[in-house]
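Encoded as structure tokens, the structure appears first; notes follow it.
There are 2 protein chains.
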Amino acid sequence: MDTPSMSLQRLTALRALMASQPTKLAAYIVPTADAHNSEYIAAADARREWISGFTGSAGTAVVTASQALVWTDGRYYTQFEKEADMALWTLMKQSLPDTPSMESWLSTNLSEGDVVGVDPHTMTREEWTPLQTTLTRSKMKLLPVASNLVDAARSQLSDPPPRRPCNQVVALPIKYTGKTAGEKIKELRKKIAEKKTSALVVTALDEVAYILNLRGSDIDYNPVFFAYLVITPASSILFWSSGSLPDTVTEQLKEEGVKIEVKPYSNIVPYLQELAKNEAAGSGRAVWLSNEASEAIHRAASGSDVLNQPLTLISEVSPVALMKLVKKEVELEGFRNCHIRDGIAVVRFLRWLHEQVDDGQAVTEIQAADKLLEFRKEEDDFMGPSFETIAGAGANGAIIHYSPSRTGPQRTIHQQDMFLLDSGGQYKDGTTDITRTRMMNRSPSPEQRDAFTRVLKGQIAVGSALFPLGVKGNVLDSFARKSLWDVGLDYAHGTGHGVGHYLNVHEGPSGISWRPYPHDPGMKPGHILSNEPGFYKVDEYGIRHEDLVEIVAITKESDHPRAKNLVGDYDGRGVLGFSTLTMVPHQRECIDAAMLDDLELSYINNYHKRVLSTLGPKLKERGLVQDLEWLERECQPIVRG
Amino acid sequence: MDTPSMSLQRLTALRALMASQPTKLAAYIVPTADAHNSEYIAAADARREWISGFTGSAGTAVVTASQALVWTDGRYYTQFEKEADMALWTLMKQSLPDTPSMESWLSTNLSEGDVVGVDPHTMTREEWTPLQTTLTRSKMKLLPVASNLVDAARSQLSDPPPRRPCNQVVALPIKYTGKTAGEKIKELRKKIAEKKTSALVVTALDEVAYILNLRGSDIDYNPVFFAYLVITPASSILFWSSGSLPDTVTEQLKEEGVKIEVKPYSNIVPYLQELAKNEAAGSGRAVWLSNEASEAIHRAASGSDVLNQPLTLISEVSPVALMKLVKKEVELEGFRNCHIRDGIAVVRFLRWLHEQVDDGQAVTEIQAADKLLEFRKEEDDFMGPSFETIAGAGANGAIIHYSPSRTGPQRTIHQQDMFLLDSGGQYKDGTTDITRTRMMNRSPSPEQRDAFTRVLKGQIAVGSALFPLGVKGNVLDSFARKSLWDVGLDYAHGTGHGVGHYLNVHEGPSGISWRPYPHDPGMKPGHILSNEPGFYKVDEYGIRHEDLVEIVAITKESDHPRAKNLVGDYDGRGVLGFSTLTMVPHQRECIDAAMLDDLELSYINNYHKRVLSTLGPKLKERGLVQDLEWLERECQPIVRG
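Order-wise, the sequence lines are chains G and P.
Counting in full-length UniProt numbering, the first sequence runs from 1 upward without gaps.
Counting in full-length UniProt numbering, the second sequence runs from 1 upward without gaps.
The following block contains the structure:
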């Protein structure tokens, strides 16, 4: 936590810069995002954190001459009040219906003629446009401020932002990706020709990594590197900070049929402006970019600061995102394989944890997370965690985005704790994300058993569902909630997210939620989703069951619990269902078999049978006899009373 | 059907007008909509029908110098090919994934510099903007053509459009509406003040009728009248064609605290232009209108044809639509009461129909619909059907938007037919919409029984669901489909629509569908929805079960099958469920009790018990002994095995 005087100093520096701009700013907005709309950001981009002290992963700060506010959601209210200097900062609880949105707060609290500034690299066009509309309606102006004022304030206070990382980039061989970079670019060029566009500008870091079959480590947990990629009918230009690419990378790209031109990262804006000028003078074709590209990139690509008549743009869901969404068979095979190895690591950890706690050893949440990482490191092709491990004992399990801190008092996992463990691994052949909930003493209360079983019923309802090809993931959300809704319970998060292949653990544009995913192109075989209902009793315990699932086509002959009952294929649209990738049993003592119908009971027993028959031989092979014995006990059939 | 030479003559006349415009039109678009975006239209507005011959309720015609096309959906492919001259017209099957959208067809098939014309009264701003964007990107132009070219072509061919109806307007007393027009306008003026807007422009016909507590008959089935209503902080101006309002209407409006100024219907555009000019010269406040208002009204309200710097508009979901959505207790009481009377009429009809068919009488679909209307006419406050009756025997039941024709060969309802009857009534105290499906010989095939039961399970899943206050209706859609999806079956329509109170039987902005309703403000007590899953076996039979339901708040004490199990209220958000308004039993012989779980079985038996105990005493009172006996048999408990 920053000291109060530091917080004030920072605010004062920023306010001075706002006042001294060529156009004086009545307010300055500091979003969380980096220039690539990344979910996780590098330290170089943690501007909202620096100005406010608040370290949560979501939130937007607004600073005026007299006020300083952060809009964030219910996950972070407590954390905000701990971290921010509450004498200087106001928390705007955006989950509450009565909290005005940032747009409406600005248009109500500023005066006509006022100017609101923001670094256009840190806001997407999709966010920019409605904000601009609201401010214009109130006779205010939204001004793109080219250099970041928080960075400038940091420099003034001799606390300059850390250097943007530019770590080593490595080539991911074709045996993991299944498709050469050359093939990917060829497909995109076909679309570029169909769209009659001059260039595709790829701004999302995972999309750049995906197209080129490269991986980096510039952002924790996400194996990506800071770069933009511009694909034209004749060239592929990488805007990257480290000069030329390593020889091994250039070599693989060459083998995969790609000749890449490398330019400095910071040249993207002038390059796009030049492109816009050339197009305006020539054929006038539009540039194609993602609607999640920043306002700065949109402005550059339309030439809005260099042309009297800016070019029209094609701004829509990225074709790379849509390509990446459908995993190739090689990627799917990798997902299946890494989930077996990941399952072994998690099973070994769970056995270890139960033994420690049964033995009366004091294991803290952090120690548990570290031990889990040790087990994962024993597995082939493990590259690191896919996100910060959520290891929540007792009441900490009820904090949906909890992760234990290495500093301050440490929570020990007790016999009488429910323990929620949400973790994942990056492997060269895939990405995992699993949550299991354990009652350490194996004696849940009736209420806990009821809730555990209801959450499981929800997971099975999604896992066993059949649905028409092409419907959006959101249609499945209510299945996951039904057994909870029936008794007045619910969970305050979505049911599923897309997952990248050795890329971001949260990947768009699909997902399963009551909230619409407007760019979800509809479900198809080869998509990967999480299936993770939960239940949280504040101050007591949390329950979440999370599997990753693969979407598969189902016919009467498929290995699926509902296959043999099929009498139609949705009038030719085709039947889809899920195949579960995750390989770790659920705790039998927490399941009330009397609450399961026949299909649910056989579903969970078949799943446990599959986990044992898949992991068992591997454990045996590796001489992990005690782990195997433990797994056998955990996978015994559940029978009704 | 028009003769081929008539069709060609009409097209030729329109093409000549397109060529002779001040700016020559390469294409002219003829949408289905009237100037109020009404779902059902008056004959005066049936322009697409006149030019193409196609009478379906949905579709958009595009005419170029050499081509003529209609985009419509799967409901109408067969009908289109029957009605349109296929030598002149091309059917664009918009439900097929490979059919280009109208936007993309225009931008591909016309040339740079071409101009596309449309009457801006017949297209909403929400439709106009994306079309304009697409055409601009292809260097084409979308031109608002002030006078309608189809109307002009009609006049040239001495077949002028019928006069716009301007039938009698009547006042609906407070005992039916529960809220005076004065109170409604006062509430809207409060919102007008909060929005700092100069005026609210009400363009939807049902919204005008709702605010003023007036009803008309200008459009079949919808008790509305052609008018616009402009509410300013100090005045209420009705743009209406018939001169002054009848004295009884003026009297009620006065009693309800409203002084109304009446101006000619056609003055709306110049009035709004004048208002825009005044605002531009004065305070510069924005006009507030619905995003479903036409492009013509948007242009007028922003002053875009009369100002150099058009005003910003507030264009969003109509506040009247949101007000109307939550029914007052008086309106709800009316809904409950009219459903009892409507139930009596439908029960009497079903008994009559079974008797006729059992007796070997030849009853046609049209005769059945007419007989049903006779029974409804016997009920108090009945004002007419709420839509054209869908009476489909056998294969006709599988045509989702079928309605029997009075001309041509007539289909008789046979013993071996499944018979699908979807109908509704307008009553002064509410609107009904009910579908029941009957197997005339009471001996469904195993497949029919299975499908009938699955559709019923879907209806019960929605009818018995509990869900958090404020979630959107679309979250319930999958519940209705689950029992069908589980075996590869589905239905090609939504599950529920909003219903007006003695107004339009289809009322936005809410509904239950896999398709998002973007303006659904979330479910609240007092909304009325339909609950109507179905199943259609093409060329054989159709099944649909449709009830209207009222959204009610549920606590542990409520009369709801899940109330006693409640252990939470969704963390304070509040629990909602449904109360079924419709009062007609489902056919017992078609229900396979073995497929119902305990809750479903007791749900259907309780429903039948409630139908009998509600309608029974009324039938008895009215001496309808045979109807009562029939109902008693139909409502007997269903038992398993």
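Backbone N, C-alpha and C fix where the C-beta goes; we use that ideal spot for every residue, glycine too.
A quick note: this is a predicted structure, and the numbers were derived from the prediction, not measured.
| message | What does the alpha-carbon distance come out to for the pair Arg-323 of chain G and Glu-388 of chain G? | response | The residue asked about is misnamed: residue 323 of chain G is Met in this sequence, not Arg. Those two C-alpha atoms are separated by around 27 Å.
Suppose only complete runs of 4+ residues qualify. What are the alpha helix (DSSP H) ranges in the segment 62 to 117 of chain G, listed by chain order?
77 to 83, 102 to 109
Q. Which value, in whole angstroms, describes the spacing of the CA atoms of Met-123 of chain P and Arg-515 of chain G?
A. 29 Å
Proximal chain G residues relative to Phe-479 of chain P, where beta-carbon distance stays under 9 Å = Ser-478, Phe-479, Lys-482
| Should Leu-566 of chain G be flagged as near chain P, meaning a C-beta pair shorter than 8 Å? | yes
Given Gly-182 of chain P, which residues of its chain have a CB within under 6 Å of its CB, disregarding the five upstream and five downstream residues? Glu-256, Gly-257, Val-258
Coil, strand or helix - Asp-422 of chain P by DSSP: strand
Going along the chain, which residues of the segment 450 to 474 of chain P sit with their C-beta nearer than 8 Å to a C-beta in chain G? Ala-465, Leu-466, Phe-467, Pro-468, Val-471, Lys-472, Asn-474
Exercise. At what residues does the alpha helix (DSSP H) containing Met-383 of chain G begin and finish?
Worked result: Run containing Met-383 of chain G: none in the alpha helix (DSSP H); it sits in the beta strand (DSSP E), 382 to 385.
**Asked** Three-state secondary structure (DSSP) at Ala-227 of chain P?
**Response** strand
Excluding the five sequence neighbours on either side, which residues of its own chain have a C-beta within less than 8 Å of the C-beta of Asn-474 of chain G, listed in chain order?
Gly-511, Ile-512, Ser-513, Trp-514, Arg-515, Pro-516, Tyr-517, Asp-520
query: What residues from chain G crowd round Leu-307 of chain P, counting only those whose CB sits closer than 7 Å?
result: Chain G residues near Leu-307 of chain P: none, gap ~16 Å exceeds 7 Å.
- Query: Quick one, which of G:Asp-539, G:Gly-303, G:Gln-79 has its alpha-carbon nearest Arg-285 of chain G's?
  - Reply: G:Gly-303
Quiz item: Taking C-alpha atoms, which residue in G:Gly-243, G:Trp-352, G:Gln-156 lies nearest to Asp-627 of chain G?
Solution: G:Trp-352
Fill in: Short-range partners of chain G found in the segment 99 to 110 of chain P, where Cβ spacing is below 7 Å
none
Can you list, in chain order, the residues of its chain whose CB lies under 6 Å from that of Ala-199 of chain P, leaving out five sequence neighbours each side?
Val-230, Thr-232, Val-287
* **Start-to-end residues for the beta strand (DSSP E) that takes in Tyr-541 of chain G** => 541 to 544
Cα-Cα separation between Asp-490 of chain G and Lys-556 of chain P, rounded to whole angstroms
17 Å
Practice item. Note down, in chain order, all residues in the segment 294 to 319 of chain P with a beta-carbon under 8 Å from any beta-carbon belonging to chain G. Key: Thr-312, Ile-314
- prompt: Closest Cβ-Cβ distance between Arg-562 of chain P and chain G: below 8 Å?
  reply: yes
**Prompt:** Going along chain G, which residues have a C-beta under 8 Å from Arg-137 of chain P?
**Reply:** Ala-286, Thr-312, Ile-314
For this session: Could you round the C-beta distance between residue 706 of chain G and Leu-17 of chain G to whole angstroms and report it? I think they count as a contact, below 8 Å.
Result: Outside the shown range of chain G (1 to 641) lies residue 706 of chain G, about which nothing can therefore be said.
Backbone CA spacing between Lys-482 of chain P and Val-306 of chain G [nearest angstrom]: 55 Å
Exercise. Measure from the alpha carbon of Leu-106 of chain P to the alpha carbon of each residue in P:Glu-81, P:Asp-73, P:Glu-126, P:Ala-68, then state which is nearest.
Key: P:Ala-68
Whether Ile-528 of chain G touches Phe-335 of chain G by CB criterion (8 Å): yes
Contacts around Tyr-40 of chain G, its chain only, beta-carbon distance under 7 Å, and the 5 residues preceding and following it disregarded: Ile-219, Asp-220, Tyr-221, Asn-222
Give me the residue from P:Ile-314, P:Ile-366, P:Ile-51, P:Arg-449 with the minimum Cα distance to Glu-194 of chain P.
P:Ile-314
Q) Whose C-beta lies closer than 7 Å to the C-beta of Thr-55 of chain P among residues of the same chain, with five residues either side of it excluded? A) Glu-49, Glu-83
With a cut-off of 8 Å, do at least 3 Cβ pairs link the segment 165 to 182 of chain P to the segment 138 to 152 of chain P? no
Check your understanding: Mind checking Asp-206 of chain G: buried by the 16 CB within 10 Å criterion, or exposed?
Key -> buried
Could you pull out every residue in the same chain whose Cβ sits closer than 8 Å to the Cβ of Leu-110 of chain P, ignoring the five residues on either side in sequence?
Ala-26, Ala-27, Thr-64, Val-116, Ser-138, Met-140
**Neighbour-count burial assignment, Lys-472 of chain P, 16 or more Cβ in a 10 Å radius** = buried
Would you verify that the beta carbon of Tyr-570 of chain G is, or is not, closer than 8 Å to some beta carbon of chain P? yes
Item to complete: Would you check if the distance between the CB atom of residue 644 of chain P and the CB atom of Thr-495 of chain P is smaller than 8 Å?
Response: Given a span of 1 to 641 for chain P in the structure shown, any question on residue 644 of chain P remains unanswerable.
Say whether chain C places a C-beta atom closer than 8 Å to the C-beta of Pro-516 of chain G. In the structure shown, chain C does not exist; the protein chains are G and P.
Leu-272 of chain P to Ala-44 of chain P span [Cα, whole Å] | 24 Å
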